Amino acid sequence: MEQLKSNKKVPFLPQDIPFNDDQRQWLGGFLAGLHTRLLVKEEHVTTTSTTSPQVKPLTIIYGSQTGNAESVAEEAADIARNHGLTPQVQDMDDVDLHQLCKAERLLVVTSTYGEGEMPDNAQALWDCISADDAPRFDNTFFSVLALGDTNYDDFCLAGIQWDERLAALGGTRIANRVDCDVAYESAAHEWIAEALPTIAQKGSRGDIEVMPANAPSANKKAKPKYTRDNPFEAQLLKKYTLNNPSSGKETCHYELSLLDSGESYDAGDAINLLPTNRPELVDELISLLGARKEQHEQYDGHTQELQKIFTEDLEIRIPSKEFITEVAARSGDQEFIAKLEESTQALNDFVWGLDSIDLLKRYAPNSFTASDFIRLAKPLAPRAYSISSSIKHHPNEVHLTIASVRYEQAGRVHNGVCSTFLADLCESGSKIKCYFAPNKHFSVPQDPTSPIIMIGPGTGIAPFRGFLEERLSTQATGENWLFFGDRTKANDFLYQQELEDMQQQGLLTRLDLAFSRDQQEKIYVQDKMQEQGALLFEWLERGAYIYVCGDAFRMAKDVDKALHQIIEKQGNLSPDQTQEYIANLKKQKRYVRDVY
1 MEQLKSNKKV
11 PFLPQDIPFN
21 DDQRQWLGGF
31 LAGLHTRLLV
41 KEEHVTTTST
51 TSPQVKPLTI
61 IYGSQTGNAE
71 SVAEEAADIA
81 RNHGLTPQVQ
91 DMDDVDLHQL
101 CKAERLLVVT
111 STYGEGEMPD
121 NAQALWDCIS
131 ADDAPRFDNT
141 FFSVLALGDT
151 NYDDFCLAGI
161 QWDERLAALG
171 GTRIANRVDC
181 DVAYESAAHE
191 WIAEALPTIA
201 QKGSRGDIEV
211 MPANAPSANK
221 KAKPKYTRDN
231 PFEAQLLKKY
241 TLNNPSSGKE
251 TCHYELSLLD
261 SGESYDAGDA
271 INLLPTNRPE
281 LVDELISLLG
291 ARKEQHEQYD
301 GHTQELQKIF
311 TEDLEIRIPS
321 KEFITEVAAR
331 SGDQEFIAKL
341 EESTQALNDF
351 VWGLDSIDLL
361 KRYAPNSFTA
371 SDFIRLAKPL
381 APRAYSISSS
391 IKHHPNEVHL
401 TIASVRYEQA
411 GRVHNGVCST
421 FLADLCESGS
431 KIKCYFAPNK
441 HFSVPQDPTS
451 PIIMIGPGTG
461 IAPFRGFLEE
471 RLSTQATGEN
481 WLFFGDRTKA
491 NDFLYQQELE
501 DMQQQGLLTR
511 LDLAFSRDQQ
521 EKIYVQDKMQ
531 EQGALLFEWL
541 ERGAYIYVCG
551 DAFRMAKDVD
561 KALHQIIEKQ
571 GNLSPDQTQE
581 YIANLKKQKR
591 YVRDVY
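Rendered as C-alpha cells:
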C-alpha cells in the first residue's frame, strides 16, 4: 500500500489544453481534490490496520466587513473535509492569539476596509499579532487570501500585512497569497484548490484544537440556495421615488418578490443584484471601437455577439486599471503617463468621473479594437445593497432603498450601472437576477430587551427600516433610537410617514434628525450625537448596541470620532481607556458598521 501511495502523482494539466482560465481553475481544483481524497482513503486503510486515523485540524480565521470573507472561509471549510481535514472557522474577534499560535494548519481570509484598514472584526487581533511581544508561529503552516478592490489605494493591504506578519513570526507559507479584486470568486476557488491539498499533507506532531475565546451563540445559517453563477430571477413588484420632485436627489424604493424561490434572509443582510449595461452606452462603445454589434468575439471561452458581451458580461462604464494604463500608454500624454507612476489615488483623481468612453474619446481615439477592450475590461460585478425590510413583516418580499447615481462630466451624462438599471430599465413585472449575502454580525440583538442605537443618514437608513420592522414583528421590547439625516426635511425625509408612525406607536423610542441644508450652518448626524452625548452614553452603559450604515470615507469616520469623544467625556475616561471601551464594544458585537 505504501508503494502504491508513493507512485501516485499530483494531476497535471498541459499548458495547451483547450480550456479558458475559469475552466482550467475548476478542473485543476477538482483533480487536486480528487487526488487528495484518494490519498486520504489510502492513509485511512493503512492506519486502520494498526492504529486509529490521525485527525488533522485546520483553523480558518476571517476578517470581514460585509460578509464576503466569511462566506469564502465557510466554503473553504466545506471543501477541506474532502481533504481529510477537520476545519474550524473563526471570526477574528473570537480568536485568542496564544491559542492561535499553536495551530499547525492555518488559513487566513480577510478583506481590506476603507483606506487600507483592517475590518472592524479583525482590528483587535491584528493589534495583538503586530505587537512586539506577539508569540511565534514556528510550527504553523499557513496561507492567506486577501479580498480588495483595485480601484482603491492599498489594494488588499490587510491581507498583505497578515501574510508578511505570519512569515515574520516564523510561520511557513504553503501557498502564495492570492489578492482578489471585486469579482473574487474565481481567484478564491483557485486559492482553495491550491492551498487545501498542500496544507493537508503538512504537520506531524498532532495539532491542538483552537477554541474561540468567546464562541458566538448564534447557530450557523444555511447557505443561500442561489449564487452569482446561479442567481434567482426576482420579479419587481413595485417601485417609487422617496424624495419630493423638487429635491436634487433621486432615491427609490424597490420591492422584489421571492415567491417560489425558497430563499429567506435576516434583517441586516445584503442582496447582490446583477445588472446589465445601458443600451445607449453599449452602442456608443461599439461605435467608438469601430465594431458592429452583431460581430462575434471570443469571451470566457466562447464566441459570442459583441452586443451581448458588452451588455451582460463586462464593466464598460467603470474602466479597469489595466484599461486605464493601456489608454495612458497609447495616448502619449505625459501628464497622464506620470500619474501611473505616482499612486493609485493620484491616478484615480486624474480620471475621476470619466468612464471608458470618455477615456477613449479624449486620449485614445481609434486606438482600440473590440478584442483589445474585452482583454482589458473587468467582468461586470454584482452590486450589493443593504436590505431595507424584514421578511417577517413582508413575507416572500425583499425591499431595497437605492439612490440613483447621475452626473455630468466631460460633456456627457453619466449613469450608475445598477442604480439606473433599476430606475430606468426595470418596470413592474421585470425579472432581476439576484442572490443573498448574509451578514450575521449586522443584525438585531438576540436579546429582545436590548436597546439599539441606529445611525444611518441618506440610504444608510435601509437596514434600520428592516431592523424596526423586525423588532415590531417579534414584539421585541428593547428601546430603539434612530439618527437620520439628509439635505432637507421637505424634500429628503426618506420614509417620513413610516418613521413618524413608528414613533407615535412607541416602537421608535427616539428619532433625532439632521437636515444639513435647512439652516445656514450645516448639521450632520454626528452633531446630533454630540447634542445627546449624555443620554447616548447612558444607553451604552445599559447595554445598548450601536449600528452605523452609510458612507465609509466621511460619515462613518466622523461618527466614530464623535463616539470616541462622547465616551471619553461622559465616562470621564482617558484616551487609552476610551479606546479599550470601544474595543470591548466591538468585541461584544455591540458596535458594528455596514459601510461602503
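The sequence shown begins at 1 in UniProt numbering and counts up one residue at a time.
Every residue gets a Cβ at the ideal spot worked out from N, C-alpha and C, and that includes glycine.
Because the structure is a prediction, the values reported are computed rather than measured.
(1) Is Pro352 helix, strand or coil when you go by DSSP?
(2) Considering only C-alpha positions, which residue in the set Thr110, Phe141 and Glu115 is nearest to residue 681?
(3) Gly550 bridges to which residues according to DSSP?
(4) At the level of alpha carbons, what is the spacing between Leu237 and Ser367?
(5) Output the distance between the C-alpha atoms of Pro379 and Phe141, rounded to the nearest integer angstrom.
(6) For Tyr581, does the three-state DSSP call read helix, strand or coil?
(7) Between which residues of its own chain and Leu360 is the CB-CB distance below 6 Å, once the five residues before and five after are set aside?
(8) Which runs of the alpha helix (DSSP H), 4 residues or longer, sit entirely within the stretch 481-533?
(9) Tell me whether Gly506 is buried or exposed, calling it buried when 16 or more other Cβ atoms sit within 10 Å of its Cβ.
(10) Looking only at C-alpha atoms, which of Glu117, Ile199 and Ala329 sits nearest to Pro87?
(11) Please state whether the Cβ-Cβ distance between Ser516 and Arg471 is less than 7 Å.
(12) Could you say if the stretch 130-146 and the stretch 166-175 meet the contact criterion of at least three C-beta pairs nearer than 8 Å?
(13) Should Gln526 go down as buried or exposed, given a rule of 16 or more other Cβ atoms within 10 Å for buried?
(14) Tyr407 to Ser574, Cα distance in whole Å?
(15) Taking the C-alpha atoms as reference points, what is the distance between Lys225 and Lys589?
(16) Would you say the stretch 403-417 touches the stretch 477-495, given that touching needs at least three Cβ pairs under 8 Å?
(17) Taking 7 Å as the cut-off, decide whether the C-beta atoms of Ala364 and Arg330 are in contact.
(18) Can you tell which of Phe310, Asn348, Gly114 and His393 has the C-alpha that lies nearest to the C-alpha of Ile374?
(19) Quick one: is Lys522 buried, meaning 16 or more other Cβ sit within 10 Å of its Cβ, or exposed?
(20) To the nearest angstrom, how far is it from the Cα of Ser443 to the Cα of Leu468?
(21) With distances taken from CA atoms, which of Ile391, Thr66, Asp560 and Val89 is nearest Val262?
(22) Give the secondary structure of Asp269 by DSSP, where H, G and I count as helix, E and B as strand, and everything else as coil.
(23) CA-CA distance, His394 and Glu255?
(24) What's the C-alpha gap between Leu347 and Tyr524?
(25) Could you check what DSSP says for Val327 in three-state terms: helix, strand or coil?
(26) Which stretch, first to last residue, makes up the alpha helix (DSSP H) that contains Asp149?
(27) Are the beta-carbon atoms belonging to Tyr62 and Ala77 less than 7 Å from one another?
(28) When you compare only the Cα positions, how much space is there between Ile357 and Phe421?
(29) Just to confirm before moving on: does the CB-CB distance between His441 and Val559 stay below 7 Å?
(30) Say whether the stretch 487-506 touches the stretch 534-542, bearing in mind that this needs 3 or more beta-carbon pairs closer than 8 Å, one atom from each stretch.
(31) Please classify Gln161 as buried or exposed, where buried requires at least 16 neighbouring CB atoms within 10 angstroms.
(32) Start and end of the beta strand (DSSP E) containing His414?
(33) At which residues does the beta strand (DSSP E) containing Cys180 begin and terminate?
(34) Can you tell which of Leu400, Glu75 and Gly248 has the C-alpha that lies nearest to the C-alpha of Ile461?
(35) Would you kindly check if the distance between the Cβ of Gln345 and the Cβ of Asp153 is under 7 Å?
(36) Take Ser130 and list the residues in its own chain whose beta-carbon comes closer than 8 Å to its own, dropping the five residues that flank it on each side.
A quick look at the data gives this:
(1) Stepping through the sequence shown from its first residue, residue 352 is reached at position 352. Before going further, note that residue 352 is Trp rather than Pro in the sequence given. Coil at Trp352, not helix or strand.
(2) This structure gives no information on residue 681, because the portion of the chain shown stretches from 1 to 596.
(3) Counted from its first residue, the sequence shown places residue 550 at position 550. The partner list for Gly550 (beta bridge, DSSP) reads Val595.
(4) Walking along the sequence shown from the start, residue 237 turns up at place 237. Walking along the sequence shown from the start, residue 367 turns up at place 367. So the alpha carbons of these two residues sit roughly 44 Å apart.
(5) What you label residue 379 is simply residue 379 of the sequence shown in a count that begins at 1. What you label residue 141 is simply residue 141 of the sequence shown in a count that begins at 1. Cα to Cα, the separation comes out at about 33 Å.
(6) The residue given as residue 581 occupies position 581 in the sequence shown. DSSP places Tyr581 in helix when its eight states are reduced to three.
(7) Mapped onto the sequence shown, residue 360 falls at position 360. So the qualifying residues of the chain are Leu288.
(8) 489-492, 496-505 and 525-531
(9) By one-based count along the sequence shown, residue 506 stands at place 506. Result: exposed.
(10) In the sequence shown, the residue the question calls residue 87 occupies position 87. With distances taken between Cα atoms, Pro87 lies closest to Ile199.
(11) As a working note, residue 516 is residue 516 in the sequence shown. As a working note, residue 471 is residue 471 in the sequence shown. No; because the gap between Cβ atoms is not below 7 Å, this pair is not in contact.
(12) At 8 Å Cβ cutoff, the stretches touch.
(13) Translated into the one-based positions of the sequence shown, residue 526 becomes position 526. With 16 or more Cβ atoms within 10 Å of its Cβ, Gln526 is classed as buried.
(14) For this step, residue 407 is matched to residue 407 along the sequence shown. For this step, residue 574 is matched to residue 574 along the sequence shown. Near 45 Å, if we compare the C-alpha coordinates of Ser574 and Tyr407.
(15) Against the sequence shown, residue 225 aligns to sequence position 225. Against the sequence shown, residue 589 aligns to sequence position 589. When rounded, the distance between both Cα atoms is 27 Å.
(16) no
(17) Against the sequence shown, residue 364 aligns to sequence position 364. Against the sequence shown, residue 330 aligns to sequence position 330. The answer is yes: Cβ separation under 7 Å.
(18) Working through the sequence shown from its first residue, we reach residue 374 at position 374. It is Phe310.
(19) Within the sequence shown, residue 522 is the residue found at index 522, counting from 1. It counts as exposed.
(20) Taking the sequence shown and counting its residues from 1, one reaches residue 443 at position 443. Taking the sequence shown and counting its residues from 1, one reaches residue 468 at position 468. Approximately 11 Å, taken between the alpha carbons.
(21) Position 262 of the sequence shown, counted from the start, is the residue given in the question as residue 262. Going by the sequence as given, residue 262 is Gly instead of Val. Comparing Cα-Cα distances from Gly262 to each of Ile391, Thr66, Asp560 and Val89, the minimum goes to Ile391.
(22) Taking the sequence shown and counting its residues from 1, the one referred to as residue 269 is at position 269. Note: Asp269 maps to coil in three-state DSSP.
(23) What you label residue 394 is simply residue 394 of the sequence shown in a count that begins at 1. What you label residue 255 is simply residue 255 of the sequence shown in a count that begins at 1. For His394 and Glu255, the gap between their C-alpha atoms comes out near 10 Å.
(24) Along the sequence shown, one-based indexing puts residue 347 at 347. Along the sequence shown, one-based indexing puts residue 524 at 524. C-alpha separation (whole angstroms): 31 Å.
(25) Here residue 327 corresponds to residue number 327 of the sequence shown, with the count starting at 1. Helix at Val327.
(26) Stepping through the sequence shown from its first residue, residue 149 is reached at position 149. Looking at the DSSP string, Asp149 is not in any alpha helix (DSSP H), and its letter there is neither H nor E.
(27) Indexing the sequence shown from 1 puts residue 62 at position 62. Indexing the sequence shown from 1 puts residue 77 at position 77. Annotated as distal: Tyr62 and Ala77, with beta-carbon spacing of 7 Å or more.
(28) By one-based count along the sequence shown, residue 357 stands at place 357. By one-based count along the sequence shown, residue 421 stands at place 421. Rounded to whole angstroms, Ile357 to Phe421 spans 18 Å at the Cα level.
(29) Counted from its first residue, the sequence shown places residue 441 at position 441. Counted from its first residue, the sequence shown places residue 559 at position 559. Not closer than 7 Å, so no.
(30) With a cut-off of 8 Å, the stretch 534-542 and the stretch 487-506 do not count as touching, because too few Cβ pairs lie within range.
(31) Here residue 161 is taken as the residue at index 161 of the sequence shown, counted from 1. Under this definition Gln161 is a buried residue.
(32) Working through the sequence shown from its first residue, we reach residue 414 at position 414. Where His414 is concerned, the enclosing beta strand (DSSP E) stretches over Arg412 to Asn415.
(33) Mapped onto the sequence shown, residue 180 falls at position 180. It spans Val178 to Cys180 - the beta strand (DSSP E) in which Cys180 sits, taken as one unbroken run.
(34) Position 461 of the sequence shown, counting from 1, holds the residue named residue 461. That would be Leu400, whose Cα lies nearest to the Cα of Ile461.
(35) Here residue 153 refers to the residue found at position 153 when the sequence shown is read from its first residue. Here residue 345 refers to the residue found at position 345 when the sequence shown is read from its first residue. Going by C-beta atoms, Asp153 is nearer than 7 Å to Gln345.
(36) Here residue 130 refers to the residue found at position 130 when the sequence shown is read from its first residue. So the qualifying residues of the chain are Gln161 and Arg165.
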